[in-house]
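Working notes for the structure below.
In the numbering used here, the protein residues as written are 24 to 395.
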């Protein structure tokens, strides 16, 4: 496959439209394709075939090396045909097709490629190109292009991988935060919370581990003023990352006026300061452990008020490993983290979604995009 296919387009706007791709790939329908019976070989052959079709048409202008950054380490989760942000899949026979997506959560707004211009390509931008093979006639029966949103709306959400995720905050991003006048990167609360949160301080009337009263949640703007600004330059005097996390949690509670109980600090709830829907993290290495819950995928964390991981506020203290001094702060709702940083995992994982074979049968002899 052309090595240029591993490079993203100069701009997301330069991607060939999915409607145009439908026209391109229509010439594949009805052409011979012999299955070898070896999954990887057949998959590779289909990918090369799709790439050969793309090469017959004008391709997007390539980005220069200095114009973009591939965010996931070792490019894990980035689609195989980067120039058009396409992954190809071969569909054969049976009653259903088990779609497997490796090393990314398909419908998550997680960064895959970040441009110097401020643009980005995310998991949701990947186009899934399914090539259906008629195993009796040994021909390509159809080509179907689907988006992650379409797949979830039509067939249900992808299965969530049981894996411990981490948030990757690059050294480059840290430097950008340190260069800011206040050394704080903050974003407003989620739209859901914005209707209820408080912008004026009143002393907490309940403990840190008690369920939050949505009308008594301090806004991120207030948390920035009361907490984040006070933490810059503060030294976390503790031996291990876990203890530093507890030291940070204790300082945040102190700044917010909570009565501090040592038993509460060991409670282990999510988020850490549940009464304020606030998760507190220390970062002194490129990654931040997210634990049981990750805002990469929306999950309800407070049943009564239907608050989710997207609403949870994250305070991440960027700490100097040598001095243990907080040199920068990130303060943002969970829904924003995937737009700014990348979710990574130490091991490979896959998300799965079953698609009935009848769906592919409906479009025999056609090339289509997100069909009705």
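Yeah, the Cβ is synthetic: ideal placement off N, Cα and C, and Gly gets one too.
Same chain, Cβ closer than 7 Å to residue i, five either side skipped, listed in chain order
i: residue 280; result: 226, 227
i: residue 331; result: 321, 322, 323, 324
i: residue 305; result: 259, 264, 267, 268, 271, 340, 342
i: residue 142; result: 34, 35
i: residue 276; result: 231, 283, 296
Beta-carbon proximity list for residue i, same chain, < 6 Å, skipping 5 on both sides
i: residue 164; result: 155, 157, 387
i: residue 390; result: 45, 48, 49, 52, 166
i: residue 153; result: 112, 114, 167
i: residue 251; result: 207, 352, 354
i: residue 119; result: 377, 379, 380
DSSP-derived helix/strand/coil call for residue i
i: residue 366; result: strand
i: residue 121; result: strand
i: residue 254; result: helix
i: residue 243; result: helix
i: residue 270; result: helix
i: residue 395; result: coil
i: residue 166; result: strand
i: residue 227; result: coil
i: residue 330; result: strand
i: residue 128; result: coil
i: residue 96; result: helix
Run of the alpha helix (DSSP H) containing residue i, from where it starts to where it stops
i: residue 194; result: 194-201
i: residue 171; result: 171-178
i: residue 282; result: Careful: residue 282 lies outside any alpha helix (DSSP H) and carries neither H nor E.
i: residue 70; result: 62-77
i: residue 48; result: 41-48
i: residue 304; result: That residue, residue 304, is in no alpha helix (DSSP H); its beta strand (DSSP E) goes 301-306.
i: residue 215; result: 214-217
Limits of the unbroken beta strand (DSSP E) element including residue i
i: residue 376; result: 373-379
i: residue 137; result: 134-138
i: residue 324; result: 323-325
Any non-hydrogen atom of the ligand FMN within 6 Å of residue i CB
i: residue 146; result: Of ligands this structure carries none, so the ligand FMN is not represented either.
DSSP bridge partner residues for residue i (one or two, in chain order)
i: residue 153; result: 112, 167
i: residue 91; result: 138
i: residue 352; result: 207, 340
i: residue 220; result: Bridge partners of residue 220: none, in fact.
i: residue 403; result: As shown, the chain starts at 24 and ends at 395. That puts residue 403 outside it, with no answer to give.
i: residue 296; result: 301
i: residue 32; result: 85
i: residue 145; result: 134
i: residue 461; result: Here the chain covers residues 24 to 395 and nothing more, so residue 461 does not appear.
i: residue 237; result: Answer is none; residue 237 lacks a bridge partner.
Neighbour flag for residue i against chain D, beta carbons, 7 Å
i: residue 180; result: Included in the structure is just one protein chain, with no chain D present.
Chain-order list of residues whose beta-carbon lies under 8 Å from that of residue i (same chain, five-residue window excluded)
i: residue 180; result: 130, 376
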